[in-house]
Structure formats: structure tokens, C-alpha cells
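To start, the structure itself, in C-alpha cells.
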């Protein structure tokens, strides 16, 4: 007598499994995240345990893409046999940047298979010609069936595989629609197996939801080796690629690109991009150095404070965590005794960048006070410091790198947390004014 396969319900957020449907996941407590799927059969493992001391380490072979931004964000190049997930909004340029990547790799005599599931060969070819890409080692294959893709891989034996996009690929052996949780998970797992076994470097395009997360189960990001997010406005001139996971390199690396008629090009000096119009000639503008991966970016924080005609004043941010901004304003009102209850306050990061680093706290508050009091902060100064709930200015990491970047770009001094200047080398302190502050009150009295 055959046993009947029982349906399972899997949470798309935490991958927890339930025997029956329920509105709220009992593990992560998110609502309406359970989807139905049938259990899959698993074969016995053919591998065995190996002692850590018996393993001989070999340096990973990497494919050098451009010896610049792309190689840096991937940790030194794309590792052979790795799989990279690139997520982003529709129309932001995911297909464009991977076509350009394919051309750079094809020029190194590497064979590329580009699986264009969302567009026909003619449409993808037209896009490639607009980018002046006609390399004979780039092969286009319009397919969504995983079995057919595997057959093409066996026939062509490419060095690089590009999947556009993972949400429409399907395995015919699975009784579910393309884009479902089980399809996305199992297709990705099979692509991972093929990449590792055949040493095919794989790039996979993924769509994102309204909340900015990659569509599909969260396990999708756990399966792949590298996760990159393509950020920016499709109507804007600049795009940003950020690494949020990398098994072969550093995370939180940032690559800034500019859109041109012939494709995307790297911005070689991003700090100048964010400061290109900065002259600190109006109140409410402060420059802050932030850490992005292995690099330092100097960004401009702009604040606008004005009287509110409403009983509930407006507090808006662009590129800055709104919850943290509300906390900082509460600290400013309580510790510095500055009344904000009848003031609309807006804070913006120029250039469309999004930051989460606490080292920008001091700069954000000084920008607000500068706009509120209509006074100019010292010109050619940068501000660094995390603000605590007691109004104290806390020390931040990488202070030497931040100051070095500021001095390199022509700034004359910096405001930094107390106690951090003593350990700095002379090459930074020479001809560079350092003003240490211990509380937010000290910073306001010193600068404004």
C-alpha cells in the first residue's frame, strides 16, 4: 500500500514548515507568508566526513571582469563555480549590466550562455546592439524550462551562465507554477549543483518586491554565494550596486555607476560625485565620511527646519533611517534643550544614497541645528560621531581612514568624538584642524 504524500506549508520568510495552513507563522510571526508545497524525496548522501587538518586549501580561481569596481565588489573577481544573485527593480539596468559583464568576459575567450527567459532573442540582441555588444562568444538562449537549459549546457559547455530571470524558470518535474516558492528554491539549488560540479560561473537576475527584498523565499539568498542589490531610481542618472552577502569577499562593498547611451560606467571618484556641488554656503549642510565596504565616501547631509502650521509637525527623511532620526531629534530636544515641537524637519542625503551608519548621527543633528538657527557651520570641516541617548558623542571605528579621505579631498579639519585624536599619526594631524567634542551641546557651541 502506497503512502500518500502529505502537503506541507512553508513560510517564505523564515522557511519554517507547518502541517496545515495558518494565517501567521508561529516562528517569525509574519502574516500571510505560508505557501503550499509537496515534500520532495532525498537520496542518500555519497559524501563522507573529512578531518579539518586533512584538507588541503587551494586558492580559488577567479575570473577578472574589469580589474576595478566589479572585481572589488565580488572580492577580487568572480570565483569559478560560484553563483551570484543580482536583485533590483524592473528597468533599473540589471540586464544591461550583465550584458556588459558578458562582453568583458567574452573578450578573455570565455564562452557565455545568456538565458533570456523574459525576452526573445531579437529583443535581447537589439539591447546588445544598442550597447555595441556583438561578440561571437556570447550565446543567447530563450528558454525557461530547466531541463532544456541543462541540455544546452551539456552541448555548449560554457564558462559563464547568465539566467534572466530566476522567477520565471521552472522545473517540469515539480507540480507547481513558475515563480512559486518550491520552483524558485529547487531551480536555484539545481543551478548551484551544476555550477559547482561543472565549474560554471553563474549570474542570476532576481526581481524585488515593493519592500525592496528579492522576490521568492528567503532561502534563495542563503543558497547562492553572493547577493548583490541594484539600487537607485530608474529615472536617475546614477545607480548603485551593493553587496549584502559574499562567501568569497567582503560585504557592504558599493559600486556606483552612471547611465549613458552606451551602457553603465563606473564612477571612479564617488565622493566627488556626492560633493560636486557642495560649497557649504547655506545653513543646514554638513559633510560626513561614511564607511562603505572597503572604501570611504564623503556625503553631504542637508537639513531643512521651518515653522509648522500644524499641531503635529512633519518629520521626513530621504536616505536616512527615519526611526533613528526621530530618536536623534528626541535627544537634541532633551539634552540640548532646543524646542522642536512646532517645527517641520526634513533631512536628505544628496545623490540618492542610503546610509545606516551611526557615525553620521552628529552630522545629522548639526545640520538640523544649523538650519534651525540659520547659521553656517565652519567651511571645509567634516563631522564624525555617534550620538548616545544621554547626548554624549561616542567614538566610531575607522577614524583614521575617514579623516584621511577628508584631507585628501581638500577639507581643512574635522569634528570628532573626544579621545580619538590622540592616537592619530602625524600625516593626518599635520595642517588639519581637529576639534574633539564630548556632548552634543559641546558640538553646537563649538560650531554654530
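Numbering (full-length UniProt numbering), first residue to last: 1 to 448.
Beta carbons are placed, not taken as given, at the ideal position from N, Cα and C, and that holds for glycine.
Report task. Can you have a look at residue 406 and say buried or exposed, based on whether 16 or more other CB atoms are within 10 angstroms of its CB? Result -> By the neighbour-count rule (16 or more Cβ atoms within 10 Å), residue 406 is buried.
Report task. To the nearest angstrom, report how far apart residue 113 and residue 404 are at their CA atoms. Result -> 44 angstroms
Report task. For the alpha helix (DSSP H) holding residue 192, just list the boundary residues, first then last. Result -> 181-198
Requested in this report: Give a yes or no on whether the C-beta atoms belonging to residue 99 and residue 127 are separated by under 8 angstroms.
Outcome: yes
Query raised in the report: Where are the beta strand (DSSP E) runs, 3 residues long or more, that stay fully inside the UniProt domain "RecA family profile 1" (59-208), in chain order?
Result: With a minimum length of 3 residues, the continuous beta strand (DSSP E) runs that stay inside the UniProt domain "RecA family profile 1" (59-208) are 83-88, 112-116, 138-141, 160-164, 201-207.
Query raised in the report: Just the Cα atoms here: how many angstroms apart are residue 300 and residue 95?
Result: 31 angstroms
Query raised in the report: How close, in whole Å, do the beta carbons of residue 65 and residue 110 come, if the pair is a contact with beta carbons under 8 angstroms?
Result: At roughly 10 angstroms, the Cβ-Cβ gap does not stay under 8 angstroms, so residue 65 and residue 110 are not in contact.
Requested in this report: State the Cα-Cα distance for the pair residue 385 and residue 256, rounded to the nearest angstrom.
Outcome: 25 angstroms
Report task. Using a threshold of 8 angstroms, state whether the C-beta atoms of residue 10 and residue 50 are closer than that. Result -> no
Query - residue 220: first and last residue of the uninterrupted alpha helix (DSSP H) it sits in - result: 219-223
Query raised in the report: residue 333 to residue 221, Cα distance in whole Å?
Result: 41 angstroms
Query - residue 271 - DSSP class collapsed to helix/strand/coil - result: helix
**Report entry** Beta-carbon spacing of residue 273, residue 331 below 8 angstroms
**Finding:** The Cβ-Cβ distance between residue 273 and residue 331 does not fall below 8 angstroms.
Query raised in the report: Considering residue 407, what are the terminal residues of the beta strand (DSSP E) in which it resides?
Result: Premise fails: residue 407 lies in the alpha helix (DSSP H), 399-408, not in any beta strand (DSSP E).
Query raised in the report: Under 8 angstroms, do residue 354 and residue 393 count as touching if we go by C-beta distance?
Result: no
Query raised in the report: Would you report the Cα separation of residue 8 and residue 16, rounded to the nearest angstrom?
Result: 10 angstroms
Query raised in the report: Tell me which same chain residues have a C-beta within less than 8 angstroms of the C-beta of residue 28, skipping the five on either side of it?
Result: The residues are 11, 13, 14, 16.
Report task. Measure the alpha-carbon distance for residue 92 versus residue 263 and round it to whole angstroms. Result -> Approximately 12 angstroms between the Cα atoms of the pair.
Report task. State the Cα-Cα distance for the pair residue 402 and residue 308, rounded to the nearest angstrom. Result -> 36 angstroms
Query raised in the report: Whose C-alpha, out of 419, 32, 209, is nearest the C-alpha of residue 90?
Result: Ranking the options by Cα distance to residue 90, first place goes to 209.
**Report entry** residue 326 vs residue 302 beta-carbon contact at 8 angstroms
**Finding:** No, they are not a contact pair.
**Report entry** Residue range of the unbroken beta strand (DSSP E) whose run includes residue 363
**Finding:** Run containing residue 363: none in the beta strand (DSSP E); it sits in the alpha helix (DSSP H), 361-373.
Query raised in the report: Under the rule that 16 or more other beta-carbon atoms within 10 Å means buried, what is residue 185, buried or exposed?
Result: buried
Query raised in the report: Exposed or buried, which one is residue 224 when buried takes at least 16 other CB atoms within 10 Å?
Result: If you draw a 10 Å sphere on the C-beta of residue 224, you find 16 or more other C-beta atoms in it, and that means buried.
Query raised in the report: What do you get for residue 199, buried or exposed, if any count of 16 or more other CB atoms within 10 angstroms of its CB means buried?
Result: exposed
Query raised in the report: residue 305: which of 370, 193, 182 sits nearest, CA to CA?
Result: 370
Query raised in the report: Where does the unbroken beta strand (DSSP E) through residue 231 begin, and where does it stop?
Result: First-last of the beta strand (DSSP E) with residue 231: 226-231.
Query - Alpha carbon of residue 136 to alpha carbon of residue 143, nearest angstrom - result: When rounded, the separation of the alpha-carbon atoms in residue 136 and residue 143 is 20 angstroms.
Query raised in the report: Is the beta carbon of residue 365 sitting closer than 8 angstroms to the one on residue 387?
Result: Result yes, Cβ atoms of residue 365 and residue 387 sit closer than 8 angstroms.
Query raised in the report: residue 313 by DSSP, collapsed to three states: which one?
Result: coil
Query raised in the report: Can the beta-carbon of residue 207 be found less than 8 angstroms from the beta-carbon of residue 180?
Result: no
Query raised in the report: Do you know how far the Cα of residue 62 is from the Cα of residue 289?
Result: 32 angstroms
Query raised in the report: From which residue to which residue does the alpha helix (DSSP H) around residue 442 run?
Result: 440-447
Query raised in the report: Taking C-alpha atoms, which residue in 379, 101, 120, 316 lies nearest to residue 503?
Result: Since the first residue shown for the chain is 1 and the last is 448, residue 503 is missing from the structure and cannot be characterised.
Query raised in the report: How would you label residue 381, buried or exposed, when you count the other beta carbons within 10 angstroms and need 16 or more for buried?
Result: buried
Requested in this report: Consult DSSP for residue 357 and reduce its assignment to one of helix, strand or coil.
Outcome: It is coil, neither helix nor strand.
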